[in-house]
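*Asks:* Protein sequence lines correspond, in order, to chains A and B. Residue numbers for the first sequence follow the numbering used here, so the first one is 3 and each next one is one higher. Residue numbers for the second sequence follow the numbering used here, so the first one is 6 and each next one is one higher. Just so you know, even glycine gets a beta-carbon here, dropped at the ideal spot from N, CA and C. All values derive from a computational prediction rather than experimental measurement.
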Amino acid sequence: SQQGEEDPQALSIQEGENATMNCSYKTSINNLQWYRQNSGRGLVHLILIRSNEREKHSGRLRVTLDTSKKSSSLLITASRAADTASYFCATDASGTASKLTFGTGTRLQVTL
Amino acid sequence: KAGVTQTPRYLIKTRGQQVTLSCSPISGHRSVSWYQQTPGQGLQFLFEYFSETQRNKGNFPGRFSGRQFSNSRSEMNVSTLELGDSALYLCASSPGGGRFVTQYFGPGTRLLVL
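(1) What does a CB cutoff of less than 6 angstroms around Asp9 (chain A) pick up in its chain, not counting 5 residues either side in sequence?
(2) Rounding to the nearest angstrom, what Cα-Cα distance links Lys62 (chain B) and Met81 (chain B) in this structure?
(3) Taking only beta carbons into account, state which residues of the segment 38–52 of chain B come closer than 7 angstroms to chain A, listed in chain order.
(4) Is the CB of Arg43 (chain A) under 8 angstroms away from at least one CB in chain B?
(5) Identify whether Gly67 (chain B) lies in helix, strand or coil by the three-state DSSP scheme.
(6) Rounded to whole angstroms, what is the Cα-Cα separation between Gln4 (chain A) and Lys71 (chain A)?
(7) Should the segment 19–26 of chain B be regarded as contacting the segment 92–106 of chain A, the criterion being three or more beta carbon pairs within less than 8 angstroms?
(8) Please confirm if Gln108 (chain B) has its CB atom under 8 angstroms from at least one CB of chain A.
(9) Assign His34 (chain B) to one of two classes, buried (16 or more other C-beta atoms within 10 Å of its C-beta) or exposed (fewer than that).
(10) Using the three-state DSSP reduction, which class does Asp94 (chain A) fall into: helix, strand or coil?
(11) Does Arg68 (chain B) pass the burial test, meaning 16 or more other C-beta atoms within 10 Å, or should it be called exposed?
(12) Please confirm whether Leu116 (chain B) has its beta-carbon closer than 8 angstroms to some beta-carbon of chain A.
(13) Would you call the CB atoms of Val37 (chain B) and Ser77 (chain B) closer than 8 angstroms?
(14) Out of B:Phe52, B:Leu116, B:Val118 and B:Pro112, which one is the CA nearest neighbour of Ser41 (chain A)?
(15) Taking the beta carbon of Ser56 (chain B) as the centre, do at least 16 other beta carbons fall within 10 Å, making it buried, or is it exposed?
(16) For a contact meaning CB atoms closer than 8 angstroms, what does Leu93 (chain B) contact in chain A?
(17) In this structure, how does DSSP classify Leu88 (chain B) when only helix, strand and coil are distinguished?
(18) With distances taken Cα to Cα, identify the nearest neighbour of Pro30 (chain B) among B:Gly45, B:Gly89, B:Tyr15 and B:Glu53.
(19) How many Å lie between Gln42 (chain B) and Ser74 (chain A) at the Cα?
(20) Any idea if Asp85 (chain A) is buried or exposed, counting beta-carbon neighbours within 10 angstroms, 16 or more meaning buried?
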């Protein structure tokens, strides 16, 4: 079953703009991860944020985590056409790091 | 290091048949997890193997099984295939320990059941 919802389901922006995706989850977690998936291929790990962290950066990515609201956001700055993909949040909702529970995903389209 | 590899990449089967998918983890990784991705249910955890033992299991029927070999390579088997088993099957590997573990995914095997 899905851990929660991602919002929006789809997002279309122009190159150079920022893209923000939100993820909500239902149970306590140790960590939350974001993955990218291109056209039904494998998942690429983007970033992991621990439950005691509030914000984390990696290149053009910024992730925030609010455990009191059980939500996280992924910000991609200065988007590029190559960022076009589906983005998923995943948590260890079961308490087991290797058993990820995924959100429903946000499909991002970046146009030139 | 080479990434996670999965074979075959595409597979077409008919209802009632069985299928075996293979996953080779990143060298040194001892944990292999399997996920099913469908448009309707999204990404769902099937099971995880660690040191040749099933360590965690998702909510899938017994038709779905797996195993892991001493070199950490893993296979997943689905018996008596149903149309609803059509999906992208992803495997992921990780070192296997700790609470903050990144999983590295393979490219997936796309299974079509006719």
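*Replies:* With the given structure in hand:
(1) Against the first sequence, residue 9 (chain A) aligns to sequence position 7. For Asp9 (chain A), where only same-chain residues beyond five positions count, the Cβ hits under 6 angstroms are Asn24.
(2) Counting from one through the second sequence, the residue named residue 62 (chain B) turns up at place 57. Counting from one through the second sequence, the residue named residue 81 (chain B) turns up at place 76. Those two C-alpha atoms are separated by around 13 angstroms.
(3) Ser38, Gly47, Leu48 and Phe50
(4) Here residue 43 (chain A) refers to the residue found at position 41 when the first sequence is read from its first residue. Chain B contact via Cβ: present.
(5) Here residue 67 (chain B) is taken as the residue at index 62 of the second sequence, counted from 1. In this structure, Gly67 (chain B) counts as coil in the three-state DSSP scheme.
(6) For the purposes of this step, residue 4 (chain A) is identified with residue 2 of the first sequence, where counting begins at 1. For the purposes of this step, residue 71 (chain A) is identified with residue 69 of the first sequence, where counting begins at 1. With a pLDDT of 48 at Gln4 (chain A), under the threshold of 50, the predicted position of this residue should be treated as unreliable, though the coordinate-derived value follows. Those two C-alpha atoms are separated by around 18 angstroms.
(7) no
(8) The residue given as residue 108 (chain B) occupies position 103 in the second sequence. For Gln108 (chain B), the answer is yes, since a Cβ of chain A falls inside 8 angstroms of its Cβ.
(9) Start at 1 with the first residue of the second sequence, and residue 34 (chain B) comes out as number 29. Classification for His34 (chain B): buried.
(10) Numbered from 1 along the first sequence, position 92 holds the residue referred to as residue 94 (chain A). Three-state DSSP puts Asp94 (chain A) in coil, outside helix and strand.
(11) Start at 1 with the first residue of the second sequence, and residue 68 (chain B) comes out as number 63. Classification of Arg68 (chain B): exposed, given that the 10 Å Cβ count is below 16.
(12) Taking the second sequence and counting its residues from 1, one reaches residue 116 (chain B) at position 111. Answer no: the Cβ-Cβ gap between Leu116 (chain B) and chain A never drops below 8 angstroms.
(13) The residue you call residue 37 (chain B) lines up with position 32 of the second sequence. The residue you call residue 77 (chain B) lines up with position 72 of the second sequence. Result yes, Cβ atoms of Val37 (chain B) and Ser77 (chain B) sit closer than 8 angstroms.
(14) The residue you call residue 41 (chain A) lines up with position 39 of the first sequence. Here the closest residue by C-alpha is B:Pro112.
(15) Walking along the second sequence from the start, residue 56 (chain B) turns up at place 51. Flag for Ser56 (chain B) reads exposed.
(16) Taking the second sequence and counting its residues from 1, the one referred to as residue 93 (chain B) is at position 88. Correct list: Gly42.
(17) Here residue 88 (chain B) is taken as the residue at index 83 of the second sequence, counted from 1. Of the three classes helix, strand and coil, the one that applies to Leu88 (chain B) here is helix, per DSSP.
(18) For the purposes of this step, residue 30 (chain B) is taken as residue 25 along the second sequence, with counting starting at 1. Comparing Cα positions, the closest option is B:Glu53.
(19) Position 37 of the second sequence, counted from the first residue, corresponds to residue 42 (chain B). Position 72 of the first sequence, counted from the first residue, corresponds to residue 74 (chain A). Gln42 (chain B) and Ser74 (chain A): Cα-Cα distance of roughly 22 angstroms.
(20) Counted from its first residue, the first sequence places residue 85 (chain A) at position 83. Looking at its Cβ environment, which holds 16 or more other Cβ atoms inside 10 Å, Asp85 (chain A) is buried.
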